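Heads up, the thing below is written out as structure tokens.
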Amino acid sequence: MVVLLAALFSYFCALEAATRMAFPRINHIWRTIQADHLTAVSLRQDAAGKSATMLIVGNSYLEVGVDRQNLQKEIAPNYSLAYLPISGTSYLDWYFGLRRLFAEGSRPTVVGVCLSTRDLVSDATYGEAFANSLMLRRDLVWVKQESHLDNTMMSDYFFANLSSWMGHRGEIHNWVLRKAAPDINNLVPYFRPKNRPLPPTEAIVAKALPRLRLLNELCRENGTRFFLLIPPTRDVNDASNELQAAASKEGLLVVLPFQHAELPENAFLDGAHLNAKGAALFTERLGLTLLQSLYRN
Numbered sequence: 001m002v003v004l005l006a007a008l009f010s011y012f013c014a015l016e017a018a019t020r021m022a023f024p025r026i027n028h029i030w031r032t033i034q035a036d037h038l039t040a041v042s043l044r045q046d047a048a049g050k051s052a053t054m055l056i057v058g059n060s061y062l063e064v065g066v067d068r069q070n071l072q073k074e075i076a077p078n079y080s081l082a083y084l085p086i087s088g089t090s091y092l093d094w095y096f097g098l099r100r101l102f103a104e105g106s107r108p109t110v111v112g113v114c115l116s117t118r119d120l121v122s123d124a125t126y127g128e129a130f131a132n133s134l135m136l137r138r139d140l141v142w143v144k145q146e147s148h149l150d151n152t153m154m155s156d157y158f159f160a161n162l163s164s165w166m167g168h169r170g171e172i173h174n175w176v177l178r179k180a181a182p183d184i185n186n187l188v189p190y191f192r193p194k195n196r197p198l199p200p201t202e203a204i205v206a207k208a209l210p211r212l213r214l215l216n217e218l219c220r221e222n223g224t225r226f227f228l229l230i231p232p233t234r235d236v237n238d239a240s241n242e243l244q245a246a247a248s249k250e251g252l253l254v255v256l257p258f259q260h261a262e263l264p265e266n267a268f269l270d271g272a273h274l275n276a277k278g279a280a281l282f283t284e285r286l287g288l289t290l291l292q293s294l295y296r297n
């Protein structure tokens with residue numbers, strides 16, 4: 001029995017060491033996320049003679065929809081840009097994720113959160129990867145309440161927060177799948193996501209607006225300005241205009257570079273995410289819209 005326990009302990013230690021040290025070396029996606037996270041934590045308020053710092057966080061809409069190098073050119077020299085996109089994340093991921101970034105010392109001048117209105121009203125989190133990378137351990141019970149976790153999931157999040165292996169098993173599985181089927185991404189245009197219908201506009205605004213207040217208050221407490229960035233969508237029922245108007249009445253900044261369905265269908269990869277053409281159009285307009293919006297507000 002002692003030998004068996006020792007073998008199991010050694011096995012899990014090996015998995016943990018491999019995940020922490022080897023996996024970032026061979027997985028460029030996770031290596032990029034780690035580098036972006038470190039950059040985000042290092043951000044400080046603007047100093048005399050230097051550009052103000054801007055951090056934009058979000059999910060795959062930010063990852064594939066914004067060209068960071070071109071956006072930096074658009075907003076220079078006013079702002080120095082860093083961004084941290086993690087696919088699959090929603091509102092709770094980034095509310096608690098920003099709490100962690102601020103706790104780790106991040107102090108940009110401006111923070112933007114790029115989410116669709118669907119993401120903004122979601123109660124989901126990005127599972128164990130969120131627990132490991134974006135959640136403060138002391139927030140676990142709070143996360144359980146907000147995302148309606150059962151006790152089993154809460155214990156999974158607890159161990160995922162402690163263990164890199166537990167936190168990134170899903171990403172390791174996806175990496176193995178991509179290596180086994182390297183051309184699988186070519187199938188993306190043929191599998192368009194079928195989202196559940198959005199709630200009525202009034203329900204979206206009623207749930208999203210208090211969440212914007214919480215994000216704004218969190219950033220204000222840490223000496224940072226906040227804005228919500230809503231990516232382009234083909235969904236005419238996304239309530240983005242109504243949310244922007246309601247937020248504006250409370251002094252909350254919602255940046256909406258494109259109206260819903262304004263971009264043509266051929267600017268989208270899968271009906272939801274932008275392709276290279278759409279990303280170029282979005283990035284170009286986003287730079288000017290950001291500068292104008294931040295100046296006015």
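Here the sequence shown stands for residues 1 to 297, numbered as in the working numbering.
No residue lacks a Cβ here, since even glycine has one placed at the ideal position from N, Cα and C.
None of the values given here were measured: they were computed from a predicted structure.
1) From which residue to which residue does the alpha helix (DSSP H) around A247 run?
2) Among L215, E265 and F226, which one has its Cα closest to the Cα of P232?
3) Can you round the beta-carbon distance between S80 and M54 to whole angstroms, since I take them to be within the 8 Å contact cut?
4) For T283, report the span of its alpha helix (DSSP H) as first-last.
5) Between the Cα of R100 and those of S133, L71 and R196, spot the shortest distance and give me the residue it belongs to.
6) Per DSSP, S80 is paired with what?
7) Within the same chain, show all residues whose beta-carbon is closer than 7 Å to that of L263, passing over the 5 residues directly before and after it, in chain order.
8) Tell me where the alpha helix (DSSP H) around R330 begins and ends.
9) Suppose you measure from the CA of F268 to the CA of R296; what does that come to, to the nearest Å?
10) Cutting at 7 Å between CB atoms, please list the residues of its own chain near A40, excluding the five before and the five after it.
11) So, using beta-carbon positions, are Y157 and L120 closer together than 7 Å?
12) Reducing DSSP to helix, strand and coil, say where V205 ends up.
13) Just how far apart, CA to CA, sit V111 and N275?
14) Going by CA-CA distance only, name the one from S60, T152 and P108 that's closest to S116.
15) Whole angstroms is fine: what's the gap from M135's alpha carbon to T89's?
16) With a threshold of 6 Å on Cβ separation, who are the neighbours of R225 within its own chain once the five nearest residues in sequence on each side are excluded?
17) Hey, is L84 close to the ligand PLP, as in C-beta under 6 Å from one of its heavy atoms?
18) If you follow the beta strand (DSSP E) that V236 is part of, which residue opens it and which one closes it?
19) Could you check the C-alpha separation between I33 and K249 for me, to the nearest Å?
20) Anyone know if the C-beta pair for R125 and S147 falls short of 7 Å?
21) Measure the alpha-carbon distance for S164 versus R137 and round it to whole angstroms.
22) Could you name the residues of the same chain whose beta carbon sits closer than 6 Å to that of A283, not counting the 5 residues immediately before and after it, in chain order?
23) Return the first residue and the last residue of the beta strand (DSSP E) that L253 is part of.
24) DSSP three-state label for F258, please.
A quick look at the data gives this:
1) S240 to K249 is the extent of the alpha helix (DSSP H) around A247.
2) For P232, the nearest C-alpha among the options comes from E265.
3) Sure, about 7 Å apart at Cβ, within 8 Å.
4) Looking at the DSSP string, the run of the alpha helix (DSSP H) that includes T283 is A276 to R296.
5) When only C-alpha atoms are compared, the closest one is S133.
6) In the DSSP output, where bridge partners are listed per residue, S80 has T53.
7) Around L263: P232, G278 and L281.
8) Shown here, the chain extends from 1 to 297; a query on residue 330 therefore has no answer.
9) Going by the C-alpha atoms only, they are around 31 Å apart.
10) The residues are L55, A82, L84, L101 and S106.
11) No, these two residues do not count as a Cβ contact at 7 Å.
12) In the structure shown, V205 sits in a helix (DSSP, three-state: H, G or I).
13) Roughly 25 Å separates the two Cα atoms.
14) Ranking S60, T152 and P108 by Cα distance to S116 puts S60 first.
15) Taking the straight line joining both Cα atoms gives about 12 Å.
16) Excluding positions up to five away in sequence, the list reads V110.
17) Because no ligand of any kind appears in the structure shown, any question about the ligand PLP cannot be addressed here.
18) Per DSSP, V236 belongs to no beta strand (DSSP E) and is neither H nor E.
19) Roughly 35 Å between the two C-alpha positions.
20) Inspection of the sequence shows that residue 125 is occupied by Thr rather than by Arg. Going by C-beta atoms, T125 is nearer than 7 Å to S147.
21) Going from the Cα of S164 to the Cα of R137 covers about 14 Å.
22) Residue 283 is actually Thr in this sequence, not Ala. Result list for T283: V66, D67, N70 and L71, in chain order.
23) L253: member of the beta strand (DSSP E) spanning L253 to V255, first to last residue.
24) DSSP places F258 in the coil class of the three-state scheme, outside both helix and strand.
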